[in-house]
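To keep things clear, I will list the structure first and then write my remarks on it.
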Amino acid sequence: MAEFLAYLIAGIATGAIYALAAIGFTLVWQTSQTINFAQGEFVMLPAVLVLLAIKLFGAPIWLGALIGIAAFILIFGVGFKLTVVDPMIRHGVLPLAIATMALSIIMKEGAKDGFSAEAQKFPSFVPTETISVFGAAISLQHVAIIAVAFGVIGLLQWFVGGTRLGRQMQATAQNPTVARILGIPVERMVLLTFVINAALAVVASVLISPIYLAKFSNGEVIGLFAFIAAIVGGFNQVRGALVGGLIVGIVDSMAAAYISTSYRLAVPLVLLVIVILVKPEGLMGRKEERRV
Amino acid sequence: MKMHWIIAAALGTAVSLPALAQDKVKLVDVVELSGAGATAGTNWKNGIDLAVADINAKGGILGKQIEIVHYDTQTNPGNTRAAVQRAIDEGTYAVLGPVFSGPIGASMQIAQRAEIAQLVGGEAAGLTKQGNQYLFRTSLSQTAAMPKIAKYLKDTVKAGSVAVVWVNNDFGKGGRDAIIPELEKAGIKLAVDVATEQGQADFAADAIKVKNSNADAVFVYLNEEESARFLRAAKQQGITKPMVGETTLLGAKVIELAGDAANGVKGHVGLSIDAPIPAFQEFGKKFQAKYNYVSDHNGMKGYMAVYMVKWATEKQKKFDKKGVADTLRGATIKTSEEPGILIETTIEKNGDLDRESFLAEVKDGKQVITATLPKINP
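Chains R and Z supply the protein sequences, listed in that same order. Everything in the first sequence is counted per the numbering used here, starting at 62 for the first residue and increasing by one. Everything in the second sequence is counted per the numbering used here, starting at 1241 for the first residue and increasing by one.
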């Protein structure tokens, strides 16, 4: 029981990170009907920028974190929307998807050349101690990841469903034309969505980098698993991304524990195939019809 | 008149270029500067650059300055093959690198066909069992290291059972295949056998598995960054059993990345700047002064590789590519003959090395050498 609980908590913690990244996929999908293939790099880069700010300006951790996070949200929230999404979306979703692939490579190589090709230690904002729960040693870092990630997702849900601004965002996502007729500033809502995506990536990055270490290649794995999570949960639902992230995280942890550490990477992919075959819209997703 | 000057200048340049080329000897380093092997490769490269600067400052090899070129393999076997071929096509005197065993295995036949010595950082036992007369290690092989570790686990740690955690690449698989028979010979039970992936980031499940095996000790055989991640995960899961490993578990980069989680880690190291050998410590100071960080064993390996080439060339008193390999095979390089080799090193006929090695422990964030082990064949 203690063993199972330990695997479960570790899986939920990993899944919470995937969920944060997967929500980014759904947000971008809802506003621009495209897939941001740089989503994994969005989670990798904030930690690198924080360390870079500390290194360049000799800043203390808190100041480095503020500079790095602000720079990331500005460049990859506002800047991403203005310089990549806006010019590309006019030509359809495919050029935009390809542009995000290019962006992914630029972010990765930029982090490698501009910062370091080696992994770097990233400070943890919570103690690295463990607590005992029903005989299982539970890492405080995992507890913090789960608490913060769920808190942030809860906040996002409240914002989207419980505030005027959030409902305007939802309306924009559902039908931008009607939203515009109703007087909603559609462009501003879309921009807000991209800023929220960047902020979620920052949270995921700060939570996971003390464990994964800050490295330019971290986005590859996170991006892949978050993508799987978004499809499993439902690409067009925030709550679907949450469920998908948790399922993928737990499945990965349990696969390593009870099936084989060697084949653990294959198990979420098998899950993906099953979901695509049985429920292509995802476990929590809604069916979308399009005229082609 | 002006035209005459232009022609004269062009002719002068044309004549002087080959002369300049003749004053240099080209060495190409094919190394992991990005990807999973970036930590090891960067240290290796910096060690090479340090050796080249030292040698060139003292007049070069037989009066020729070394021209060093580094090609990044991105820790990719295909890229490594292409880079080794390019190095040979560009007329390298010897091939330096790579460090990871998988890319070495994929590329070593190219240098062998060209009859050019290749000095590598890999430790996988299988590399020198293929009859390649042009491949030379710069570190001890797993075949030499694992019996020492098994003995250490039995006699010092007094472990009755051991969990083995290894990385699923040529290096890790070779280490796993070498340690398990040695553990059996020592009467130590294998508690759990945990395979992990190269570049793996999340080790929580692996650490839980190791913890639940109730092993008396954990043998960790991963690359540097993964070692650090595993140690952090092990600390998070409250694993208190001794962590024992090889050089890749006790390296400076691992200690830096793992932080407190590295304290108490023990094991066998082939090379360490903390070893009680003045030449090692001198190298460590020079490296730190130039690069502003502490070299791991790969920095020392890169440094020694260049000096192995220098020693062989000066021994044969000429630049003969094939002769470098012929001279190195079966040789013993003494520090009295070539101080840059740092420690007396015997090169076996198959390219393996024999030299003193060390037992070490991480205490208060520093590697401390606890014993010096003699050469296998003194």
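Just so you know, even glycine gets a beta-carbon here, dropped at the ideal spot from N, CA and C.
- Taking 7 Å as the CB threshold, Gln1476 of chain Z lines the interface with chain R.
- DSSP, read as helix, strand or coil, puts Val1546 of chain Z in helix.
- Counting along the chain, the unbroken beta strand (DSSP E) around Arg1377 of chain Z starts and ends at 1375-1377.
- Neighbours of Ser1274 of chain Z in chain R, taken as residues at a C-beta separation under 7 Å, are given in chain order as Lys173, Ala178.
- For Ala132 of chain R, not one C-beta of chain Z is nearer than 7 Å to its own C-beta.
- If you check each beta-carbon in the stretch 281-309 of chain R against every beta-carbon of chain Z, the ones closer than 9 Å belong to Glu281, Val282, Ile283.
- For Ala1571 of chain Z, the closest C-alpha among the options Z:Glu1584, Z:Ser1597, Z:Phe1527, Z:Leu1367 is that of Z:Glu1584.
- Taking 7 Å as the cut-off, the Cβ atoms of Thr75 of chain R and Gly284 of chain R do not count as close.
- Secondary structure of His152 of chain R (DSSP, three-state): coil.
- Using beta-carbon distances, Asp1442 of chain Z counts as an interface residue toward chain R, with a partner under 7 Å.
- Secondary structure of Val1534 of chain Z (DSSP, three-state): coil.
- Boundaries of the alpha helix (DSSP H) around Leu81 of chain R: 63-93.
- Between Ala210 of chain R and Glu281 of chain R, the alpha-carbon positions lie close to 20 Å from each other.
- Annotation: Val187 of chain R is outside any beta strand (DSSP E) and is labelled neither H nor E by DSSP.
- Taking a C-beta distance under 7 Å as the contact criterion, Gln1382 of chain Z and Ser1512 of chain Z do not qualify as a contact pair.
- Annotation: Tyr79 of chain R has no Cβ neighbours in chain Z at a cutoff of 9 Å; minimum Cβ distance is about 11 Å.
- If you ignore the 5 residues before and after Gly1400 of chain Z, its C-beta comes within less than 7 Å of the C-beta of Ile1428, Lys1429, Asp1456, all in its own chain and listed in chain order.
- Contact check for Ala158 of chain R against Ala302 of chain R fails: the beta carbons are separated by 7 Å or more.
- For Met1483 of chain Z, the enclosing beta strand (DSSP E) stretches over residues 1483-1485.
- Met250 of chain R is positioned such that its CB atom lies closer than 7 Å to that of Gln229 of chain R.
- Selection Z:Tyr1333, Z:Asn1316, Z:Ala1351 evaluated against Thr1553 of chain Z yields Z:Tyr1333 as nearest (Cα-Cα).
- Neighbours of Lys182 of chain R across chain Z, judged by C-beta separation under 9 Å: Ala1468, Glu1496, Leu1497, Ala1498, Gly1499.
- Beta-bridge partners of Val328 of chain R (DSSP): none assigned.
- Counting the other CB atoms within 10 Å of its CB gives Thr1480 of chain Z a total below 16, which places it among the exposed residues.
- Leu274 of chain R is not a Cβ neighbour of Leu1490 of chain Z, given a cutoff of 7 Å.
- Closer than 7 Å to the CB of Ala71 of chain R there is at least one CB belonging to chain Z.
- DSSP lists Z:Lys1429 as the beta-bridge partner residues of Ser1401 of chain Z.
- In chain order, Glu1437 make up the part of chain Z whose C-beta sits under 8 Å from the C-beta of Leu326 of chain R.
- If you compare the alpha carbons of Z:Val1404, Z:Thr1279, Z:Asp1269, Z:Thr1378 with that of Ala1390 of chain Z, the shortest gap goes to Z:Val1404.
- Among the bridge pairs identified by DSSP, Gln181 of chain R is matched with R:Ala275.
- By the CB criterion at 7 Å, Ile122 of chain R and Pro188 of chain R fall outside the cutoff.
- At a cut-off of 7 Å between beta carbons, Asn1296 of chain Z makes no contact with chain R.
- Against chain R, the CB of Ala1431 of chain Z has no partner CB under 7 Å away; the residue lies outside that interface.
- R:Gly72 is the residue among R:Arg347, R:Lys340, R:Gly72 whose C-alpha sits nearest the C-alpha of Gln202 of chain R.
- The continuous beta strand (DSSP E) containing Thr191 of chain R extends over residues 191-194.
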